[in-house]
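Residue 19 is where the first sequence starts when you use our numbering, and the numbers rise one by one after that.
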Amino acid sequence: MKGIEERLAALNPRQREAVTAPDGPLLVTAGAGSGKTAVLVNRIAWLIGVKSVPANRIIAVTFTNKAAREMKRRVQEILQAEEANPVVGTFHGLCNQFLRTRHQAAGLNRYFSIMDQDDQKSFISNLMKEHNLRYTELTPSIVQSYINKRKESKKRAGESEVYSGRSELLEDLYEIYERECEEQGLVDFAELILRTVEVMEHNAEVREQIQQRILHVLIDEFQDTNELQYQWMEMFGGWRRNISAVGDEDQSIYSWRGALSGNLKRFERQYDDALVVRLEQNYRSTKPILDAANALIKQNTNRFEKKLWTGKSGGSRIKYMSARDSNEEAEFIVDQIRTFSDSGRSLSEFAVLYRTNAQSRNFEEAFGAEGIPFRVYGGVRFYQRKEVKEILNFLRLVANPNTNDAALLRTINCPPRGIGEVAKRSIAEMAADRKISYWEATCALADTGRRWVKVRPFVDLINHLQSLSATRSLGKLMELTIELSGLREHYEQHTDPTEQNRVVNLEELINAAAGFEQSQESVGSADILDRYLDSVVLDPGDTHDDDPEEKVQMMTLHTAKGLEFPIVFLTGLDETILPHFHSIGSWRSSTFRKSMEQEEMQEERRLCYVGMTRAKEILFFTRANRRMLRGQWENFHQSRFVQEVPRDLIELVSSTEVPEPTVTHDAGHVDWLGKSVSHRKFGGGVVTDVEANVGILYLTIDFETVGTKVILSEFVSIDS
DNA sequence: AACCCCGAACTTTTT
DNA sequence: GTTCGGGGTT
Numbered sequence: 019m020k021g022i023e024e025r026l027a028a029l030n031p032r033q034r035e036a037v038t039a040p041d042g043p044l045l046v047t048a049g050a051g052s053g054k055t056a057v058l059v060n061r062i063a064w065l066i067g068v069k070s071v072p073a074n075r076i077i078a079v080t081f082t083n084k085a086a087r088e089m090k091r092r093v094q095e096i097l098q099a100e101e102a103n104p105v106v107g108t109f110h111g112l113c114n115q116f117l118r119t120r121h122q123a124a125g126l127n128r129y130f131s132i133m134d135q136d137d138q139k140s141f142i143s144n145l146m147k148e149h150n151l152r153y154t155e156l157t158p159s160i161v162q163s164y165i166n167k168r169k170e171s172k173k174r175a176g177e178s179e180v181y182s183g184r185s186e187l188l189e190d191l192y193e194i195y196e197r198e199c200e201e202q203g204l205v206d207f208a209e210l211i212l213r214t215v216e217v218m219e220h221n222a223e224v225r226e227q228i229q230q231r232i233l234h235v236l237i238d239e240f241q242d243t244n245e246l247q248y249q250w251m252e253m254f255g256g257w258r259r260n261i262s263a264v265g266d267e268d269q270s271i272y273s274w275r276g277a278l279s280g281n282l283k284r285f286e287r288q289y290d291d292a293l294v295v296r297l298e299q300n301y302r303s304t305k306p307i308l309d310a311a312n313a314l315i316k317q318n319t320n321r322f323e324k325k326l327w328t329g330k331s332g333g334s335r336i337k338y339m340s341a342r343d344s345n346e347e348a349e350f351i352v353d354q355i356r357t358f359s360d361s362g363r364s365l366s367e368f369a370v371l372y373r374t375n376a377q378s379r380n381f382e383e384a385f386g387a388e389g390i391p392f393r394v395y396g397g398v399r400f401y402q403r404k405e406v407k408e409i410l411n412f413l414r415l416v417a418n419p420n421t422n423d424a425a426l427l428r429t430i431n432c433p434p435r436g437i438g439e440v441a442k443r444s445i446a447e448m449a450a451d452r453k454i455s456y457w458e459a460t461c462a463l464a465d466t467g468r469r470w471v472k473v474r475p476f477v478d479l480i481n482h483l484q485s486l487s488a489t490r491s492l493g494k495l496m497e498l499t500i501e502l503s504g505l506r507e508h509y510e511q512h513t514d515p516t517e518q519n520r521v522v523n524l525e526e527l528i529n530a531a532a533g534f535e536q537s538q539e540s541v542g543s544a545d546i547l548d549r550y551l552d553s554v555v556l557d558p559g560d561t562h563d564d565d566p567e568e569k570v571q572m573m574t575l576h577t578a579k580g581l582e583f584p585i586v587f588l589t590g591l592d593e594t595i596l597p598h599f600h601s602i603g604s605w606r607s608s609t610f611r612k613s614m615e616q617e618e619m620q621e622e623r624r625l626c627y628v629g630m631t632r633a634k635e636i637l638f639f640t641r642a643n644r645r646m647l648r649g650q651w652e653n654f655h656q657s658r659f660v661q662e663v664p665r666d667l668i669e670l671v672s673s674t675e676v677p678e679p680t681v682t683h684d685a686g687h688v689d690w691l692g693k694s695v696s697h698r699k700f701g702g703g704v705v706t707d708v709e710a711n712v713g714i715l716y717l718t719i720d721f722e723t724v725g726t727k728v729i730l731s732e733f734v735s736i737d738s
């Protein structure tokens, strides 16, 4: 632990103060690139190396798996395997571990399985069907977001303060949902944390055991915590009060998931003896980039003004490319990367960032055509693909046939083997009658003679796979499942490329499983299938984490938070992409639209800010006039965020004309207000409000049939 | 009772 | 561009 002294010397005085803070609450608020994570990492190393705190009594939490891995890596680098490692993970990952070892105390099925967002939605959808709620005004999405919101605020069904009309129905559904999850051993993301907090709250034995063991709790990205996570912090760290929290309100980009950036202030208020350290020196970016980012984020109201500065001089302005279409946008990026890499830049120094995963497609195609290696994080999620889900359902059944009735129903006729609705209904009825699992019912049916002769092979298949799972490696088991289930053959029979591609994905899945097994070597092979099934839900991002190679990095702005790159392409700077149209309001129609809209717009701005501040040396803005959207070309306009960056910090490299800053109120105002207009899809209506931004007119229109919506002026015509 | 085809509807971000 | 569901066909 000799290195620690040198490390401390390399920090600035503020950082050192935070790293070596005495026991007790610590709050670090820090701008982008000011070394937040470095503070956390060094503090952990300092606690272990200098204060002799046993590593396994320190627990550090982050939000993304990527960030957790990075933190683990950096801590290990300092400790150099001299010591045991601290516990580092995401809230969800840590809570899962907690519940797996204490399923009994938590009142959970020994083999509970975790539902991802998609699983949860289809589960809710099925519940609604069963209870004949298909055709109410509620959609599965609405119910899902209601349930998640309630859980994130630590509320169970029935613990409602508002109870009327529609919310009564929602509460009822929440209650049904809870009961069904309980019965089927299903747990959603929010439940992992909620259940953990409840166990800590109600079970004194567990609570004391944990509170005795944990000496220090450290939390990164504190602005992204929600109510539930705040409570988690109190349960795990509140008793000793050795809590270190690190955050930046300007980088709060998860309020849609219930995050309360106000938790920073709440922490300061609640732990009023906390040592508060503010870091304002940026070590990452050049001055023009930082100035531009600061100018942008200044447009947000109600923020605590920070003066983020850098000692670096020089650096080039933001390079702005406004392309004719999305193809040209991608080609431009390819060209630039070619040029830079010819002059000696490594491909891994480039990052292409975008607002939505769908945007990656353009870049993937262009990069693929040009033979430039790239790596997409997240992407059109591999584990969400139909064929992948199908195989995973098989494995869930193999791991543990008696839970997860849903998996059985989805698997039993996949690929089609002549088992239909009638058989499924019989299984469900028998299971309900005899109070047995769907699997047991299926086995019983298979034994009852000719009528269910088609069920037999399925039961044999699962039993066979189960016996294989005891002796084979995970990769091999995956391969065998793909073969023996007949799924590979099923997809190979199809001739069209989409189906053929599914075969490729199945191969990829074998690699992913083998890769996971390798990464888990140190943990041992017991329960490897269980752990794999957890990881595909909790950490589906990095299937092949084996390449720190020469590849361009591509990811969403959300995933990019906390990372840095020498050269960044911030793409899709178009109205309705960044900011996203959801934050502009064309889909919303209620009276509190305005305030919501403002909140969401500010979050989009923070997202843009996060993207800009990822860049160390060179930052590109790119956009396109036309983009292919669900199969057809649509027009786009320059994002308002481009206008919010001072003109002299931008260098044009565009092929199309770039609008100069325009007046915020347009002459169009007079022409539109009060006019009767028609829209291709929404029909006739009256314009009740007009807003202009960068020469684009946003009309608030009161439609005769569909209520009030905000529409871009170009999509409607004035009735004559 | 299962399969097939066609039209409709849906697309933020992550654990 | 994709997936889902309805309705007609085998």
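Beta carbons: idealized from backbone N, C-alpha and C, even for Gly.
C-alpha gap between residue i and residue j, whole angstroms
i      : j      : result
Ala348 : Glu388 : 11 Å
Ile132 : Asp552 : 7 Å
Lys167 : Asn244 : 10 Å
Asp478 : Thr460 : 11 Å
Ala311 : Val663 : 8 Å
Thr574 : Trp690 : 37 Å
Asn74  : Glu582 : 29 Å
Ile480 : Asn420 : 12 Å
Tyr289 : Thr80  : 21 Å
Thr47  : Asp548 : 39 Å
Leu65  : Met89  : 15 Å
Val37  : Leu58  : 7 Å
Asp666 : Met646 : 32 Å
Leu717 : Pro597 : 17 Å
Pro558 : Val705 : 46 Å
Asp545 : Ala424 : 22 Å
Gly276 : Asp242 : 8 Å
Thr108 : His220 : 23 Å
Val555 : Asn529 : 17 Å
Other residues of its chain near residue i: CB distance less than 8 Å, five sequence neighbours each side excluded
i      : result
Arg25  : Asn60, Ala63 and Ile96
Val224 : Arg120, Ala123, Val217 and Met218
Ala313 : Glu662, Val663, Pro664 and Leu667
Ala384 : Asn345, Ala348, Glu349, Ile351 and Val352
Asn523 : Phe400, Arg403, Glu405 and Val406
Asp737 : Lys693, Ser694, Val695, Ser696 and Gly702
Reference residue i; option with closest CA among the options
i      : options                           : result
Ser176 : Arg658, Tyr192, Gln162 and Val161 : Per the sequence shown, residue 176 should be read as Gly rather than Ser. It is Tyr192 whose Cα lies nearest to the Cα of Gly176.
Trp763 : Arg443, Asn150, Gly493 and Ala642 : Residue coverage of the chain in this structure runs from 19 to 738, which leaves residue 763 outside it and unanswerable.
Ser163 : Asp136, Glu148 and Phe240         : Asp136
Glu201 : Gln354, Ile77 and Phe130          : Phe130
Met630 : Leu156, Gly51, Val235 and Ile409  : Gly51
Leu293 : Ile228, Met572, Leu44 and Thr594  : Leu44
Tyr627 : Gln354, Tyr372, Leu278 and Phe350 : Tyr372
Thr304 : Lys330, Val71, His110 and Tyr509  : Lys330
Tyr338 : Thr328, Gly49 and Ile636          : Ile636
Phe654 : Gly703, Val671 and Thr594         : Thr594
Leu308 : Gly333, Arg296 and Phe476         : Gly333
Arg197 : Ile232, Phe141 and Gln247         : Phe141
Close-in-space but distant-in-sequence residues of the same chain around residue i (CB under 6 Å, 5 per side omitted)
i      : result
Ala124 : Leu117, Arg213 and Val217
Phe412 : Thr429, Thr499 and Ser503
Met448 : Ala459
Ile261 : Pro43, Val235 and Gly255
Thr609 : For Thr609, the predicted model reports a pLDDT of 39, less than 50, meaning its position is unreliable and no value from the coordinates is stated.
Val394 : Ser378 and Met572
Same chain, Cβ closer than 7 Å to residue i, five either side skipped, listed in chain order
i      : result
Gln317 : Arg623 and Glu662
Glu148 : none
Phe322 : Glu267
Asp707 : Thr718
According to DSSP, residues forming a beta bridge with residue i
i      : result
Phe368 : Ile585
Leu45  : Ala263 and Val294
Asp478 : In DSSP, Asp478 forms no bridge with anything.
Thr574 : Tyr372
As an exercise, report each continuous alpha helix (DSSP H) stretch of at least 4 residues that is fully enclosed by the region 286 to 333, in chain order.
305 to 315
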